[in-house]
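*Asks:* Below are the structure tokens for one structure; questions will follow.
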Amino acid sequence: MPLTLYNTRTKKKEKFFPLIFNEVRMYVCGVTVYDDCHLGHARSALTFDVIRRYFEFSGYKVTYARNFTDIDDKILNRAQKEGVPWNDISERYIQAFYRDMGALGITKPNMEPRATEHIPDILSMVEGLVNKGLAYVVNGDVYFSVRKFPAYGQLSGKNLEELQAGARIEVDPRKQDPMDFALWKASKPGEPGWDSPWGKGRPGWHIECSAMSVAKLGPTFDIHGGGKDLIFPHHENEVAQSCGYTGKEFARYWVHNGFVTVDKEKMSKSLGNFFTIREIFEKSEYSESVTAECIRYLFLSTHYRSDLSFSDNAIGESKSALDNIYGLIQRLEESDSRENNLGDEDWERVSKEFAKKFQESMDDDFNTPKALAAFHEFRGEVNKVMVKGLSGDASKKARAVFAKFGKPLGLFHIPSKEWKFGIIRATVGRVSGASTVTGFSEKVTQAEEWIEEQIRLRKEAREKKDFLTADNIRKELAAKGIILEDRPDGTTRWKR
RNA sequence: GGCGCCGUACCCAAGUGGCUAAGGGAGCAGUCUGCAAAACUGCGAUUCAGCGGUUCGAACCCGCUCGGCGCCUCCA
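Start counting at 1 in the first sequence, then tack on 6, and there's your number in this note's numbering.
Next up, the structure:
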């Protein structure tokens with residue numbers, strides 16, 4: 007059964023057949039580097055990270071390109087405000103992007119083109135469009151003429167008449183049609199620019215992705231992705247530019263991820279209801295890898311095309327679900343030396359059923375919530391088998407299953423000893439009136455040495471059968487939110 | 001105003017024509033435990049926003065109503 011994926015262009019799930027056997031070429035719109043990224047950007051990067059990982063898991067060779075828009079009005083505005091060169095801004099936020107994505111465990115694409123590295127490609131594309139009569143020049147600006155491209159609107163399901171009826175912006179009088187968009191913008195005095203046949207200028211946003219994707223992957227490639235807010239106008243314009251220029255099919259499958267929302271509203275800069283990735287990590291009580299795992303789990307627990315509502319509660323639920331799985335992995339490690347193997351036959355059946363369900367789920371348009379459900383069913387089954395007795399060998403295999411099938415999701419790779427069990431009481435702070443989120447989780451301040459000392463004292467009391475003292479210590483810790491768990495080997499684990 | 005998406009248990013969330021409506025979180029009960037915790041087992045939607053229609057059969061298809069959101073402007 008081939009993998010199926012939802013194609014925005016046809017509004018249907020389609021069987022996926024790459025252009026080149028066993029190879030996937032994909033291009034995803036990256037970010038404009040003028041500020042720290044928020045969770046919405048993380049959602050997109052994570053979605054396509056998992057898609058890429060799963061293709062690789064399934065045996066495909068993947069060529070994955072994701073761009074940086076490193077020249078743009080927003081970058082220039084910020085540079086002017088800070089009084090620094092514009093490329094200081096873009097370089098700073100490219101580094102910030104790498105830091106944030108690295109923290110989230112997102113693997114790097116094979117290619118990360120920057121707009122400013124592709125000015126010659128952009129210029130030849132714009133020139134080509136002018137020569138073909140699909141674009142026109144006005145005072146050093148170049149515009150794409152949407153009326154000259156009959157398929158305009160096909161991807162987004164819009165048509166020019168409807169668009170114009172609803173146009174909410176003032177029409178630039180230099181445009182032949184209100185929906186025409188800039189391919190090349192003449193530089194204003196003091197602005198950076200590159201020489202072109204139409205004078206000094208810089209590229210429009212839409213042409214960058216067309217030029218970079220064609221330069222990196224060729225005129226026709228398999229998958230083009232991005233957030234669903236890019237469908238119109240950005241991706242619609244890319245189709246017009248690329249097809250208009252090459253005369254060939256552009257992306258064969260269009261894949262779009264849903265938004266991250268807060269209180270049902272799209273997380274965005276303009277609404278001010280966003281969390282930056284950096285702040286999530288800074289405010290988290292957990293280590294970077296544990297925090298990243300929680301975010302990843304939360305994101306994958308909703309299908310990539312649906313909107314995902316973000317809250318501290320949602321993160322907490324993800325943490326609890328992960329605790330259960332890491333708890334099993336830890337117990338599997340501890341049972342390595344057992345000789346008992348009463349459950350090994352069941353183990354074979356259980357692991358096969360899991361692998362089947364996992365693959366079926368992921369093959370069905372990357373249904374990660376269903377894949378996670380398969381993991382939890384597997385966890386339950388392995389637990390039952392463990393009660394009967396699992397040999398050291400089968401235990402190793404069980405852990406290998408988590409490692410192998412966790413990899414395409416980017417989950418379950420943290421050594422269980424580094425996993426911090428228990429959820430931290432989390433709060434989402436709000437500025438009164440506005441929906442501004444100011445906090446992610448409460449910092450807990452108990453000194454860990456003190457907790458360990460209390461556990462030692464309690465152990466001594468228990469060994470003397472002094473349960474009254476032992477229980478008082480436990481109560482005292484409980485009052486501070488510390489919960490103890492006595493383990494079969496005589497040690498005590500604690501969590502908040 | 002145009003186009004489009006969504007509304008499934010206390011919360012999150014799969015399922016989009018036909019076995020008992022996945023899974024997670026929270027909750028309750030039992031097993032285990034010195035007692036707990038963890039783990040395991042069991043319980044929990046006669047029902048899928050509402051109403052009407054199509055069908056042998058619908059949460060899934062069609063229509064209307066109510067509620068929420070998105071795109072049409074930079075946006076992942």
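Where is the CB? At the ideal position from N, CA and C, for every residue including glycine.
Everything numeric in this text was worked out from a predicted model, so none of it was measured.
Alpha carbon to alpha carbon, how far is residue 16 from residue 132? Give it in angstroms, no decimals.
*Replies:* In the first sequence, the residue the question calls residue 132 occupies position 126. In the first sequence, the residue the question calls residue 16 occupies position 10. Between residue 132 and residue 16, the C-alpha separation is close to 28 angstroms.
*Asks:* Pull the bridge partners of residue 208 from the DSSP assignment, please.
*Replies:* Residue mapping note: residue 208 aligns to position 202 of the first sequence, counting from 1. DSSP lists 191 as partners of residue 208.
*Asks:* Where do the N-terminal and C-terminal ends of the beta strand (DSSP E) with residue 26 fall, by residue?
*Replies:* Position 20 of the first sequence, counted from the first residue, corresponds to residue 26. Neither: residue 26 is in no beta strand (DSSP E) and is coded neither H nor E.
*Asks:* According to the Cβ coordinates, are residue 248 and residue 256 closer than 8 angstroms?
*Replies:* As a position in the first sequence, residue 248 is number 242, starting the count at 1. As a position in the first sequence, residue 256 is number 250, starting the count at 1. A contact, by the Cβ cut-off of 8 angstroms.
*Asks:* Applying the criterion that 16 or more other CB atoms from any shown protein chain within 10 Å of the CB defines a buried residue, is residue 165 buried or exposed?
*Replies:* Position 159 of the first sequence, counted from the first residue, corresponds to residue 165. Exposed: under 16 other Cβ atoms inside 10 Å.
*Asks:* Evaluate residue 67 with the Cβ neighbour count: other Cβ atoms within 10 Å of its Cβ, from every protein chain shown; 16 or more gives buried, anything less gives exposed.
*Replies:* Stepping through the first sequence from its first residue, residue 67 is reached at position 61. Exposed, because fewer than 16 other Cβ atoms sit within 10 Å of the Cβ of residue 67.
*Asks:* Within a Cβ cutoff of 7 angstroms, which residues of the same chain sit near residue 334, ignoring the five residues on either side of it in sequence?
*Replies:* As a first step, residue 334 is located in the first sequence; it is residue number 328 there, counting from the start. Cβ within range, chain order: 385, 388, 389.
*Asks:* What are the complete alpha helix (DSSP H) segments, minimum 4 residues, inside the region 24-77?
*Replies:* Within the region 24-77, the complete alpha helix (DSSP H) runs of at least 4 residues are 45-63.
*Asks:* Counting Cβ pairs, one atom from each stretch, are 3 or more of them under 8 angstroms apart for the region 323-340 and the region 259-273?
*Replies:* Touching, no.
*Asks:* Measure the C-alpha to C-alpha separation of residue 71 and residue 225 and round it to an integer number of angstroms.
*Replies:* Position 65 of the first sequence, counted from the start, is the residue given in the question as residue 71. Position 219 of the first sequence, counted from the start, is the residue given in the question as residue 225. Each residue's alpha carbon lies about 14 angstroms from the other.
*Asks:* Quick one: give me the first and last residue of the alpha helix (DSSP H) that residue 498 is part of.
*Replies:* Numbered from 1 along the first sequence, position 492 holds the residue referred to as residue 498. Residue 498 -> not in any alpha helix (DSSP H); beta strand (DSSP E) instead, spanning 498-501.
*Asks:* Using a threshold of 8 angstroms, state whether the C-beta atoms of residue 338 and residue 401 are closer than that.
*Replies:* Numbered from its first residue, the first sequence carries residue 338 at position 332. Numbered from its first residue, the first sequence carries residue 401 at position 395. Result yes, Cβ atoms of residue 338 and residue 401 sit closer than 8 angstroms.
*Asks:* Should residue 246 go down as buried or exposed, given a rule of 16 or more other Cβ atoms within 10 Å for buried?
*Replies:* Here residue 246 is taken as the residue at index 240 of the first sequence, counted from 1. Buried: at least 16 other Cβ atoms inside 10 Å.
*Asks:* Where are the alpha helix (DSSP H) runs, 4 residues long or more, that stay fully inside the region 345-423, in chain order?
*Replies:* List check, alpha helix (DSSP H) in window: 350-369, 374-394, 398-412.
*Asks:* Is the region 129-149 touching the region 195-209, taking contact as three or more C-beta pairs under 8 angstroms?
*Replies:* Counting Cβ pairs under 8 angstroms, three or more are found: they touch.
*Asks:* DSSP state of residue 230, grouped into three classes?
*Replies:* The residue labelled residue 230 in the question sits at position 224 within the first sequence. If DSSP states are grouped into helix, strand and coil, residue 230 belongs with the strands.
*Asks:* Three Cβ pairs or more, each shorter than 8 angstroms: is that satisfied between the region 114-130 and the region 210-220?
*Replies:* With a cut-off of 8 angstroms, the region 210-220 and the region 114-130 count as touching, because enough Cβ pairs lie within range.
*Asks:* Can you have a look at residue 283 and say buried or exposed, based on whether 16 or more other CB atoms are within 10 angstroms of its CB?
*Replies:* On the first sequence, position 277 is the one that residue 283 refers to. When all chains shown are included, residue 283 counts as buried.
*Asks:* Measuring alpha carbon to alpha carbon, tell me which of 318, 276, 25, 49 ends up nearest residue 291.
*Replies:* Residue mapping note: residue 291 aligns to position 285 of the first sequence, counting from 1. Residue 291 has its Cα closest to that of 318, out of 318, 276, 25, 49.
*Asks:* Is residue 450 helix, strand or coil when you go by DSSP?
*Replies:* Here residue 450 is taken as the residue at index 444 of the first sequence, counted from 1. Unreliable positioning characterises residue 450 in this predicted model, as indicated by a pLDDT of 41, which lies under 50. The coordinate reading is nonetheless provided below. Residue state, collapsed to three classes: coil.
*Asks:* Tell me whether residue 456 sits in a helix, a strand or coil according to DSSP, three-state version.
*Replies:* For the purposes of this step, residue 456 is taken as residue 450 along the first sequence, with counting starting at 1. Note: residue 456 maps to helix in three-state DSSP.
*Asks:* If you follow the alpha helix (DSSP H) that residue 472 is in, where does it begin and where does it stop?
*Replies:* Residue 472 sits at position 466 when you count from the first residue of the first sequence. Residue 472 -> no alpha helix (DSSP H), and no H or E assigned at all.
*Asks:* Am I right that residue 295 and residue 420 are in contact with their C-beta atoms under 8 angstroms? What's the rounded C-beta distance?
*Replies:* The residue labelled residue 295 in the question sits at position 289 within the first sequence. The residue labelled residue 420 in the question sits at position 414 within the first sequence. Contact holds; Cβ gap of about 5 angstroms.
*Asks:* Does the region 351-370 touch the region 307-323, meaning 3 or more C-beta pairs lie closer than 8 angstroms?
*Replies:* The region 307-323 vs the region 351-370: no contact.
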